[in-house]
Structure formats: C-alpha cells, structure tokens
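These protein sequence lines map, in sequence, to chains G and X.
Residues in the first sequence are numbered from 128 upward in steps of one, following the numbering used here.
Residues in the second sequence are numbered from 128 upward in steps of one, following the numbering used here.
Yeah, the Cβ is synthetic: ideal placement off N, Cα and C, and Gly gets one too.
Nothing here was measured: the structure is a model prediction, and the numbers come from that model.
Note sheet for the following structure.
Protein chains: 2
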Amino acid sequence: MKTYREENYLKAIYQLANHDKSKVVSATDIAHWLEIKPPTVLEKLAILVKKDYVTYNKFDGAQLTTSGKEIALNIVRRHRIWETYLYKQLKFSWSEVHEIAEQLEHVNSDKLIDRIYDVIGKPDFDPHGDPIPNKQGKLPKSDRRPLSQSIKGCKCVVLGVSEHSEVFLNYLTDLNIGLNDKLIVEQINAYDDTLKLSTKTKEPILMSSKAAQQILVQCLKPNCGCR
Amino acid sequence: MKTYREENYLKAIYQLANHDKSKVVSATDIAHWLEIKPPTVLEKLAILVKKDYVTYNKFDGAQLTTSGKEIALNIVRRHRIWETYLYKQLKFSWSEVHEIAEQLEHVNSDKLIDRIYDVIGKPDFDPHGDPIPNKQGKLPKSDRRPLSQSIKGCKCVVLGVSEHSEVFLNYLTDLNIGLNDKLIVEQINAYDDTLKLSTKTKEPILMSSKAAQQILVQCLKPNCGCR
DNA sequence: TTTAATTATTAGGTTAACCTAATTTTATTA
DNA sequence: TAATAAAATTAGGTTAACCTAATAATTAAA
C-alpha cells in the first residue's frame with residue numbers, strides 16, 4: 128500500500144538526491160523540501176526503512192532501495208506526462224502546470240497514464256527537456272549537460288533547464304533564449320566565467336556562469352571537446 | 128478548507144438524499160455508503176454541522192445546507208465531467224470510468240475542469256444521461272422521469288438510467304435498449320405493472336416494473352398524460 | 001582540545017479518522 | 001403495553017501524521 132504521502136517522500140528523496148549528487152539527503156533536507164519538521168520525517172523514514180523503500184543512517188542520509196526508486200520514478204513519470212499533457216493539449220502555461228500535476232500524479236490508474244501518454248505522442252522528454260522515465264523506470268539517454276561546461280567555440284542546442292523558478296524562466300525569456308535554440312560560445316571570461324554567446328538575436332549576449340549552470344545543452348558536433 | 132474526505136461525505140449525503148427523496152439520510156446509511164462504521168460518521172457529522180455544511184438530528188437525518196449543497200454539486204459536476212471526458216476523449220468503457228473519476232473529482236483546479244469541459248463540448252448531460260450541474264450548482268432542466276410512470280400508448284425516448292450496476296446495464300444491452308432509443312408502451316399489466324414495449328427490435332419486449340423504474344425517459348409529445 | 005554552535009534524535013503531546021463494545025433510545029410485535 | 005429487536009449514540013481505544021521542547025551527538029571555532 129503506497130499512499131500519496133509515501134509517494135511524496137520517495138519522490139522528494141529522489142529529487143534531492145538528483146539535485147546534488149554529492150550531498151547526502153538528510154532528514155532535515157527532506158523536512159525543508161516537504162515543509163514539515165525533522166522529527167516527523169524521522170518517524171516516517173523508520174516506516175519506509177521497514178518497508179524496504181529506503182535505507183537511512185545519519186552519515187549516508189536517506190537512500191532509495193531498488194523498489195523505492197521504482198516507485199519514485201513512476202511518480203516522476205506520471206508528473207512529467209501530466210505536465211506535458213496540460214501544456215500541450217490543454218494549453219496551460221508552463222508556470223501553471225506544476226501545481227496541478229502534483230495532484231494528478233497521485234491518481235492511481237496506469238491505464239489513464241497510458242492513454243494520456245498516447246495522446247501527447249509518447250515523447251521521451253517533457254517540454255522543458257526533462258526526461259520521462261519509461262514504465263520500467265529507465266530514463267531515456269541524452270547528452271544534456273550544463274552550458275557552463277562548454278569550451279570556447281562550442282556550438283550547441285538548448286534542451287532544457289535545471290531550474291524552474293519563475294524568475295529564472297523570465298530571465299531567459301528576456302534574453303530571448305528558448306527551447307531548441309542554437310547557441311555559440313564566443314568567449315569565456317577568464318576571471319568569472321561569464322559567457323559571451325551568439326544566438327538568433329543580432330547582438331551577442333552576456334550570461335553569468337550562475338545562469339549557464341542551469342541551462343542544459345547538447346553539443347551539435349560529436350567530440351567537440353566540451354567536458 | 129474542504130478535504131477530499133469532507134467532499135466525499137457531502138457527496139454521499141447528496142446522493143443518498145436524491146436516490147430516495149422520501150427517506151431521511153441516517154448516519155448508518157452514510158456509513159454503509161462510505162463503507163465505514165456509524166460512530167465514525169456521527170463524529171464527522173458533528174464537525175460538518177459546526178462548519179454549517181449539514182444539519183443533523185436523528186429524526187430528519189443529515190441534510191445539506193446551502194453551502195454544503197454547493198460543494199456537493201461541485202463534486203458531482205467534476206465527477207460527471209471527468210466521466211464524460213474519459214469515455215468520449217480517452218475511449219474508456221463506461222464501467223471503467225467511475226472509479227477513475229472518483230479520484231479525479233478531488234483534483235482541485237477549477238481551470239482544469241473548465242478546460243476539460245470545453246474539450247468535451249460543454250454538454251448538459253453525461254453519456255448516461257445524468258445532468259451536469261453548472262458552476263453555480265444549478266442542474267439543467269429536463270423532463271426525465273422513470274419509464275414506470277408511463278401510461279399506455281406513451282411514446283418516449285430513453286435519456287438515461289438511475290441504476291448504474293453492471294448487471295442492470297448488461298440486462299439493457301441484452302434487451303437491445305440503449306441511450307436515445309425510442310419506446311412505445313403497448314400494454315401495462317394490471318396485476319404487476321409489467322410493461323410490453325415496442326422498440327426498434329422486431330418483437331415487442333416485456334419489462335418488469337422494477338427495471339422500468341430505473342430507466343429514465345422523456346415523452347415525445349407534450350402533455351401526453353403520463354405522470 | 002575545550003567550548004560553542006549546529007544538527008540529529010528522542011520524548012511526549014495533539015488531532016483526525018478510524019475502530020469495538022457498551023449503553024440508550026426507538027420501533028416492533030406478541 | 002410490556003418485552004424484544006433494532007438502531008442510534010456514547011465511551012473509550014488505536015494509528016498516522018503532525019507538532020514542540022529537551023537531549024544527545026557532531027562539527028566548527030577559539
């Protein structure tokens with residue numbers, strides 16, 4: 128029996144672990160993420176450990192087991208399918224879809240998800256470039272990496288973003304950078320890694336390293352030398 | 128704050144009250160309906176009374192207040208819109224639709240319901256002939272009434288059913304009676320009210336009064352004399 | 001390396017939603 | 001109408017999910 132609460136814990140652990148792979152996922156991190164207090168999380172973690180969905184100790188933090196990861200990826204799958212559906216079929220704006228998908232992802236009907244997935248054309252990625260896990264929980268392969276890893280001269284295409292905040296997305300809109308746009312890295316400032324990019328706009332644009340870390344791109348030439 | 132549990136209580140009271148208008152809705156009736164025990168219902172009714180969604184006493188049972196009815200009708204609206212959507216757009220069979228709609232009806236987004244309602248073409252009735260309340264909770268007008276109220280010679284059209292059980296729907300399928308079919312009441316047995324009906328099939332068919340009570344029809348001639 | 005600050009954990013409490021068993025009230029029937 | 005059956009209610013208990021406050025453990029700083 129997996130309740131929507133358990134689904135949310137497993138999803139949170141998955142997301143936190145993927146957000147920063149070097150950092151352990153502490154009970155406190157989960158508590159912040161879910162906007163509840165650490166003791167509540169500890170209590171629930173004990174249950175999830177007993178159910179063999181996670182392992183936990185204070186040094187390695189919470190880690191998903193195989194079956195825990197399976198559930199988490201299934202929720203991520205549902206979430207991204209619903210987001211895509213809301214955006215593409217029902218014409219919701221990208222900023223509206225997340226909150227509704229948070230609810231829809233817990234509707235328990237595999238057949239419903241299958242039908243919705245059919246309707247949107249069985250894509251491998253959602254409209255923001257995030258991969259949609261398949262039914263077995265496998266993520267589609269892609270060579271997406273942060274724009275910040277580019278070397279000078281790199282030609283690449285924007286496949287997604289790893290930050291979804293309103294302010295960041297508006298910033299990209301202002302710069303006139305969108306999904307599938309091509310970028311050329313003209314220069315990299317040696318002091319602070321600011322990038323000078325040529326894009327479809329006339330003028331080259333300057334972008335901070337901080338922003339470039341959140342933009343996911345793929346090189347247009349194989350073995351182009353980027354990290 | 129209305130949780131899905133409160134929504135389900137209010138919907139249950141609405142449905143029980145409408146199922147048999149002469150009968151009061153007792154706490155025990157609600158308990159049966161929701162598959163929980165009477166003391167649990169009593170406890171929750173006290174809360175719903177305090178919130179002014181219901182009135183309750185053992186003689187009149189539970190009755191929805193104006194604001195309680197508003198919530199209940201909104202859930203009924205969502206439920207019927209989702210059922211129609213699943214059936215018409217996503218090609219689910221009628222027997223599959225109910226269970227999924229029970230979950231979807233609690234997704235809290237008016238905009239989502241609006242969009243879905245647009246997609247199905249803003250109908251007044253769902254595919255089984257049940258009326259879809261509007262946003263203000265008003266039910267579309269119709270002259271639907273049980274077939275059992277027909278007088279001899281009545282010509283009418285099938286608009287829906289008030290029982291949705293598998294066995295009853297299969298029975299209708301066997302008789303070859305479907306939505307929008309025309310019926311003529313040829314004879315009414317004076318002893319047990321069995322109906323002899325002519326339909327699109329060659330042979331006239333016999334139908335028990337019990338079954339006729341569950342079929343909703345509308346007379347094809349105004350003031351035809353039926354009750 | 002001791003102290004101070006931070007972080008993790010335990011202890012103990014609350015509320016909502018459920019339950020069973022006991023009691024009271026109402027309805028039925030002999 | 002008194003006895004019995006049925007239904008409604010109350011009493012009291014459990015579990016899950018939350019909390020705050022206290023304590024223990026770890027990390028950082030003096």
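Three-state secondary structure (DSSP) at residue i?
i, result
"lysine 150(G)", "coil"
"glutamine 345(G)", "strand"
"threonine 328(X)", "coil"
"asparagine 350(G)", "coil"
"asparagine 184(X)", "strand"
"proline 166(X)", "helix"
"valine 246(X)", "helix"
"alanine 228(X)", "helix"
"leucine 172(G)", "helix"
"leucine 333(X)", "strand"
"arginine 132(X)", "helix"
"alanine 238(X)", "As written in the sequence, residue 238(X) is lysine, which differs from the alanine given in the question. Lysine 238(X): helix per DSSP, three-state reduction."
"lysine 177(G)", "helix"
"leucine 137(X)", "helix"
"leucine 161(X)", "helix"
"glutamine 263(X)", "coil"
"leucine 143(X)", "helix"
"leucine 274(X)", "helix"
Only counting the same chain, and skipping five residues up and downstream in sequence, which positions put a Cβ closer than 7 Å to that of residue i?
i, result
"proline 258(X)", "Asp251, Phe252, Leu266, Pro267 and Ser269"
"valine 176(X)", "Thr182 and Tyr183"
"valine 203(G)", "Lys138, Tyr141 and Pro260"
"aspartate 156(X)", "Leu143"
"isoleucine 315(G)", "Lys279 and Leu322"
"glutamine 340(G)", "Pro273 and Ser275"
Please go through the same chain and pick out, in chain order, the residues whose beta-carbon is closer than 6 Å to the beta-carbon of residue i, but skip the five residues on each side of it.
i, result
"isoleucine 311(X)", "Lys282 and Ser325"
"glutamate 210(X)", "Val224, Ala228 and Asp253"
"aspartate 320(X)", "Ser336"
"phenylalanine 219(X)", "Leu213"
"arginine 354(X)", "Gln276"
"glycine 195(X)", "Leu137, Tyr180 and Val181"
"alanine 144(X)", "Val152"
Whose C-beta lies closer than 8 Å to the C-beta of residue i among residues of the same chain, with five residues either side of it excluded?
i, result
"glutamate 223(G)", "Leu213"
"lysine 327(X)", "Asn303, Asp308 and Lys309"
"valine 284(G)", "Asn307, Asp308, Lys309, Leu310, Val344, Gln345 and Leu347"
"alanine 158(X)", "Lys164, Pro165, Thr167 and Val168"
"isoleucine 386(X)", "Chain X is shown from 128 up to 354; residue 386(X) falls before or after that span and cannot be answered."
"glutamate 197(X)", "Gly264"
"tyrosine 298(X)", "Ala338"
"glycine 352(G)", "Ile278 and Cys281"
"arginine 271(G)", "Gly256, Leu286, Gly287, Leu343, Val344 and Gln345"
Just the C-alpha distance for residue i and residue j, rounded to the nearest angstrom, thanks.
i, j, result
"lysine 262(G)", "isoleucine 227(G)", "22 Å"
"lysine 329(G)", "serine 335(G)", "19 Å"
"glutamate 290(X)", "leucine 296(X)", "8 Å"
"tyrosine 180(G)", "threonine 193(G)", "7 Å"
"glutamate 313(X)", "proline 331(X)", "8 Å"
"alanine 154(G)", "threonine 130(G)", "20 Å"
"histidine 206(G)", "arginine 207(X)", "24 Å"
"glutamine 216(X)", "isoleucine 240(G)", "14 Å"
"leucine 161(X)", "asparagine 135(X)", "8 Å"
"glycine 287(G)", "glutamate 293(G)", "15 Å"
"glutamine 230(G)", "lysine 238(X)", "14 Å"
"isoleucine 247(G)", "alanine 338(G)", "30 Å"
"asparagine 201(X)", "glutamate 133(X)", "13 Å"
"alanine 317(X)", "leucine 333(X)", "14 Å"
"glutamate 170(X)", "alanine 173(G)", "31 Å"
"tryptophan 221(X)", "lysine 150(X)", "29 Å"
"lysine 249(G)", "alanine 199(G)", "20 Å"
"lysine 178(G)", "proline 349(G)", "45 Å"
"lysine 148(G)", "histidine 146(X)", "57 Å"
"proline 273(G)", "aspartate 245(X)", "40 Å"
What are the boundary residues of the alpha helix (DSSP H) that includes residue i?
i, result
"threonine 211(X)", "193-215"
"tyrosine 298(G)", "293-302"
"lysine 309(G)", "Unbroken run through lysine 309(G) is the beta strand (DSSP E), 309-315; no alpha helix (DSSP H)."
"serine 336(G)", "336-339"
From which residue to which residue does the beta strand (DSSP E) around residue i run?
i, result
"lysine 282(G)", "282-288"
Margin query: Below 8 Å, how does it come out for the region 178-193 of chain X and the region 138-149 of chain X: are there three or more Cβ pairs, yes or no?
Written below: Yes, since at least three Cβ pairs between the region 178-193 of chain X and the region 138-149 of chain X fall closer than 8 Å, the two stretches touch.
| Does the region 231-242 of chain G touch the region 287-303 of chain G, meaning 3 or more C-beta pairs lie closer than 8 Å? | With a cut-off of 8 Å, the region 231-242 of chain G and the region 287-303 of chain G do not count as touching, because too few Cβ pairs lie within range.
How about the region 274-290 of chain X and the region 336-347 of chain X: do they share at least three Cβ pairs that are nearer than 8 Å? Enough Cβ pairs lie closer than 8 Å, so yes.
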